[in-house]
Amino acid sequence: MSPILNRRSAVAAALTAALLVPALSACGSSDKKAAADTGASASASASAEAKAANLTVLAASSLTDVFKTAGAAYEKAHPGTKITFSFAGSQELAAQVKQGAPADALVTADTKTMDGLKAETNDASIIAKNRLVIAAGKGNPFKVDELKDLADSKIKVVLAAPEVPVGRYSKQILDAQKIEVKPVSQEPNVRAVLSKVELGEADAGLVYKTDTIKSGDKVSVVDIPDAENAVASYPAATLKASKNAEAAAAFVAWLSTPEAQKILQDAGFQKV
């Protein structure tokens, strides 16, 4: 081969090599980016899986209806997470926590109960508020119009026990108005009070406003003026003994989001 052809072949080979270097470099960068994207996706997936869990939430009985709705909404938005609620009076829930009942989060109907569990819970946040009303029998046959009417001995009044949050609130507002009421029974939670009135076993009782929403015409609701009323605050906290700390914290945090707050307010709870 002539010297001229040799030189031309050498130049062509050099040009080809020069063109291949950027292409190979680009391929390498693309492969690295793909690997990085795959790693990020795997990391996000792992994070999602870490938050997915079977949670047990102890909640005040006055949250029964709204939490069923909230729980369904949360599970839909967080595939893989299952929430089981255990509803009871806040004092009963506190006893369960102190006895080491397996659970992940707690929501009470007052701050006093939650404050008494600081050794068992992490920091709490208020997720809802409520007020009391008078639940009178169907059609309000005794014409109960205000708190002082509950002092009438002819009216069978049922209240929650004083150690129950709603019972404590009831005593607070009655004492403030210097109204003496002799209840025919003292119930372990607000739902039991409402049930007595709905069934006609009592003529009136003090309950949370939210509890009467689904009663329909079974009871007559008598509002209590704000100046004579009490505000019930609902704190939520994760339990230190939870085996699903991350998932429990995510649920408790979600209760303060706009989505959860709308569900609570639609159910009659007041804005925090």
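Going by my numbering, the sequence shown opens with residue -17, and the numbers climb by one from there. In this text, a Cβ means the ideal position worked out from N, Cα and C, and glycines have one as well.
Per-residue burial, residue i [other beta carbons within 10 Å of its own, 16 or more giving buried]
i	result
K196	exposed
K64	exposed
A18	Annotation note: pLDDT 42 at A18 (below 50); position unreliable, coordinate value reported separately. It counts as exposed.
K138	buried
E169	buried
P217	buried
A54	exposed
A214	buried
T239	exposed
K244	exposed
K178	buried
A52	buried
G71	buried
G187	buried
A5	Only weak support exists for where A5 lies, its pLDDT of 40 falling under 50; the value from the coordinates is given anyway. A5 comes out exposed.
Selected residue, minimal CA-CA separation from residue i, among the options
i	options	result
G119	L181, F233 and T95	L181
E183	N226, A117 and D157	A117
T66	N36, P240 and D92	N36
V234	I108, K244 and V115	I108
K225	V163, T194, A186 and G82	G82
S135	D157, V115 and I161	I161
F124	L237, D185, K164 and K253	D185
A219	K58, N104, F49 and F69	N104
A106	H60, T90 and G121	T90
T283	D157, S68 and S43	With the chain running from -17 to 254 in the structure shown, residue 283 is simply not present.
L246	T38, L221 and K50	K50
I206	V115, H60, T194 and K80	V115
E59	V163, A34, F69 and K100	It is Ala, not Glu, that sits at residue 59 in the sequence shown. Of the candidates V163, A34, F69 and K100, the one whose C-alpha sits nearest the C-alpha of A59 is A34.
K80	F69, K100 and Q159	K100
K164	V140, E57 and L221	V140
Y56	R173, W236 and V254	W236
CB contact flag (residue i, residue j, <8 Å)
i	j	result
F251	K153	no
V166	V189	no
I155	L132	no
L40	L75	yes
A242	E102	no
D92	P144	no
N211	R150	no
A142	N171	yes
A249	V48	yes
Residue i beta carbon near the ligand NAP (any heavy atom closer than 7 Å)
i	result
G71	In terms of ligand content, the structure shown is empty, and the ligand NAP therefore cannot be addressed.
The region 216 to 230 in contact with the region 69 to 88 per 3-pair CB rule at 8 Å: The region 216 to 230 is in contact with the region 69 to 88.
Pair every Cβ in the region 197 to 212 with every Cβ in the region 88 to 100, then say whether three or more of these pairs are closer than 8 Å. no
Continuous beta strand (DSSP E) assignments of at least 3 residues falling wholly in the region 115 to 187: 139 to 142 and 167 to 169
Would you mind listing the beta strand (DSSP E) stretches within the region 35 to 119 that are 3+ residues and don't spill past its ends, in chain order? 36 to 42, 64 to 70, 87 to 89 and 107 to 119
Alpha helix (DSSP H) runs contained entirely in the region 208 to 254, provided each spans 4 or more residues: 227 to 236 and 240 to 248
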